[in-house]
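Quick note, the sequence shown lines up with residues 1 to 455 if you use my numbering.
C-beta: ideal position from N, C-alpha, C; glycine also.
Treat the numbers as computed from the prediction; the structure is a model and nothing was measured.
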Amino acid sequence: MKRQLHLNLFIHGRGHHEASWRHPTSSPLSLTDIRYYQDLAKRAEAALFDSIFFADQLALGGDVTQAPRTWLEPITVLAALAVATNRVGLIATASTTYSEPFNLARQFASIDHISNGRAAWNIVTSWLATAAENFGTDGQVSHADRYARGEEFTAVVKELWDSWAADAVVDERASGLYAREERIRPINHRGDSYSVMGPLNMPRCPQGRPVLVQAGSSDTGRRFAARHADAVFTAHMAKGTAQEFYADLKKLAAEEGRNPAQVLILPGLSPMIGSTEAEAQRLTREINELTDPIVGRRRLSGRFGGHDFSQLPLDRPLVPADFPDPSTVEAARSRAEVILNLVRRDQPTLRQLLGYLAGARGHYVMAGTPEQVADLMEDWFNDRAADGFNIMPPVLPSQFDTFSNEVVPLLQRRGLFRTEYSGTTLREHYGLPYPPSVFDDSTRKFGLRDLAAGV
Ligand SMILES: Cc1cc2nc3c(=O)[nH]c(=O)nc-3n(C[C@H](O)[C@H](O)[C@H](O)COP(=O)(O)O)c2cc1C
1 MKRQLHLNLF IHGRGHHEAS WRHPTSSPLS LTDIRYYQDL AKRAEAALFD
51 SIFFADQLAL GGDVTQAPRT WLEPITVLAA LAVATNRVGL IATASTTYSE
101 PFNLARQFAS IDHISNGRAA WNIVTSWLAT AAENFGTDGQ VSHADRYARG
151 EEFTAVVKEL WDSWAADAVV DERASGLYAR EERIRPINHR GDSYSVMGPL
201 NMPRCPQGRP VLVQAGSSDT GRRFAARHAD AVFTAHMAKG TAQEFYADLK
251 KLAAEEGRNP AQVLILPGLS PMIGSTEAEA QRLTREINEL TDPIVGRRRL
301 SGRFGGHDFS QLPLDRPLVP ADFPDPSTVE AARSRAEVIL NLVRRDQPTL
351 RQLLGYLAGA RGHYVMAGTP EQVADLMEDW FNDRAADGFN IMPPVLPSQF
401 DTFSNEVVPL LQRRGLFRTE YSGTTLREHY GLPYPPSVFD DSTRKFGLRD
451 LAAGV
């Protein structure tokens, strides 16, 4: 079969455009109303999307007075969506810096059981500086330390998921045997940051391991993704940098001994779709008029680890010297690079830059007809800039409906996208193998009876 596109819907506020929450076609429901998310998940499933995704930050944004900075905790949301849908994959962000591997392994294994094999974890190390203040740490953990800890954290989580063989549970009433002791093992991990005995206190989940997603694009982030990720989210403002990222990550995955075809690369795409190009541009102008430069400056500052941009005039062309060196940024280093590349290439004014970032925070933004959107997707897909896309509608649900009603059929007609689901789990939608569940008994260090504990 022809190589197929993979599509993820990134659900964010009332849309990815900074002003979407004020737009008349965005949802009237509250952002804490679960029906809003259930409705979007059902729409994504009706459009045959592989998955939906929720990002997360662990601190309230400083611009909450002028921007909706509240959402529900994503893993909790997945549980509610798992019972409202049947096929679509469910991805939530969780942090390796501000959680414990045992809790997190349980939570995602539970979602995988509840959803019958549709769970995925977007592994983040949390770039937002203010998150540290909510977790009793003395300032932000450095970029390098966050990734080092993330590496150990992820290894522990995988071991916990593997601590039960698939055939460990017998559940035999007649004989009284519930589980086979020799098919469950402690992990006895003792490392620099974590000590975890294990095993997990729940049977192996339907996908063996939930799918792993990663979204760091710095050099360290890329190596991390090459080792662990089944799917990679990434932000690019041009096809050229997306191609460079694609080639590099596939090469790194091969160097890690992995099959590069099983590391899916999904750049963000935020299309404003109109029936004509003029209409798409009118919709963009209309929503841009609702933006607030104060919100934009604050967000830019957050991207550069809190750097103060308040003195920069709005209408003079920017130069790289207006920004701190990205290699000194302890926040999202790769996004700082994306922004600086744009400044080098186009020398926008601050007003223009903020307008561009208002669209989708540094992801690829376009305004066009359904054909133009499908053409771009096909072009990036064929030219190895993408294995699929992280679709980031500027306004929800209206622009997602336009995408599913107008763009999806074009992709299907071109033989690029499924016309029905063939699988039931996220692994099957993404074309990923199931991890083997066997383990070598000689590696057992403890028997379960040594760990006997009542509940
Ligand atoms: C589509 C996408 C979604 C992301 N979602 C989150 C998120 O929910 N929470 C977070 O802290 N970082 C998120 N990130 C940021 C990355 O996970 C990563 O932390 C950031 O890019 C810094 O790592 P880097 O310096 O290696 O790029 C996201 C990035 C992308 C491209």
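Cβ neighbour criterion (16 or more within 10 Å) applied to residue i
i      : result
Asn134 : exposed
Met272 : buried
Leu177 : exposed
Glu18  : buried
Gly13  : buried
Lys251 : exposed
Pro24  : exposed
Thr125 : buried
Ser175 : exposed
Arg222 : buried
Asn103 : exposed
Asp308 : exposed
Arg335 : buried
Neighbourhood of residue i by C-beta distance below 7 Å, restricted to the same chain and skipping five residues each side
i      : result
Lys2   : Gly415
Glu337 : Pro326
Pro435 : Gly208, Arg209
Ala314 : Here residue 314 is Leu; the residue named in the question, Ala, does not match the sequence. Pro293, Thr349, Leu350, Arg351, listed in sequence order.
Asp171 : Tyr178
Arg344 : Pro320
Ala44  : Leu9, Ile52, Val88
Asp322 : Leu312
Asp387 : His6, Leu264, Ile265, Leu266
Ala105 : Val157, Leu160, Trp161, Leu200
Cβ-based neighbour list, residue i, same chain, cut-off 8 Å, excluding 5 preceding and 5 following
i      : result
Val213 : Phe53, Ile91, Ala120, Trp121, Asn122, Ile123, Ala229, Asp230, Ala231, Val232, Phe233
Asp383 : Lys239, Gln243
Phe417 : Gln4, Leu5, Leu7, Leu48, Val408, Leu411
Ala168 : Ala179, Arg180, Arg183, Ile184, Pro203, Arg204
Same chain, Cβ closer than 6 Å to residue i, neighbours up to 5 away in sequence not counted
i      : result
Ile47  : At residue 47 the sequence reads Ala, which differs from the Ile that was named. Correct list, in chain order: Ser404, Val408.
Gln262 : Leu432
Trp164 : Ile184, Pro203, Arg204
Leu342 : Met237
Asp450 : At Asp450 the pLDDT is 46, less than 50, meaning the model places this residue with poor confidence; the figure from the coordinates comes in the next sentence. Result list for Asp450: empty, nothing under 6 Å.
Ala385 : Lys239, Ala242, Gln243, Tyr246
Gln57  : Leu128
Cβ distance (whole Å) where residue i is taken to contact residue j below 8 Å
i      : j      : result
Pro394 : Ile287 : 7 Å
Tyr147 : Thr93  : Actually they are not in contact, since the Cβ atoms of Tyr147 and Thr93 sit about 16 Å apart, beyond 8 Å.
Thr369 : Asn116 : Not quite, the Cβ-Cβ distance comes to about 38 Å (not below 8 Å), so this is no contact.
Leu340 : Gln207 : No, Leu340 and Gln207 are not in contact; Cβ-Cβ is about 39 Å, not under 8 Å.
Leu249 : Ala226 : 6 Å
Pro68  : Leu31  : 6 Å
Ser270 : Met392 : 4 Å
Ala367 : Ala280 : 4 Å
Tyr194 : Glu152 : 6 Å
Any non-hydrogen atom of ligand 3 within 7 Å of residue i CB
i      : result
Pro260 : This structure lacks ligand 3; its bound ligands are ligand 1.
Residue list, Cβ distance to ligand 1 heavy atoms smaller than 5 Å:
Ala55, Asp56, Thr93, Val124, Ser126, Trp127, Ala215, Gly216, Ser217, Ser218, Gly221, Phe233, Ala235, Ala332, Arg333, Ser334
In chain order, what are the residue ranges of uninterrupted alpha helix (DSSP H) at least 4 long that sit wholly in the region 356-406?
With a minimum length of 4 residues, the continuous alpha helix (DSSP H) runs that stay inside the region 356-406 are 370-382, 398-402.
Ignoring anything shorter than 3 residues or poking outside the region 255-325, list the beta strand (DSSP E) runs there in chain order.
The qualifying runs are 264-273.
Taking only runs of the beta strand (DSSP E) that begin and end inside the region 113-197, which ones reach a length of at least 3 residues, in chain order?
119-124, 169-172, 177-179
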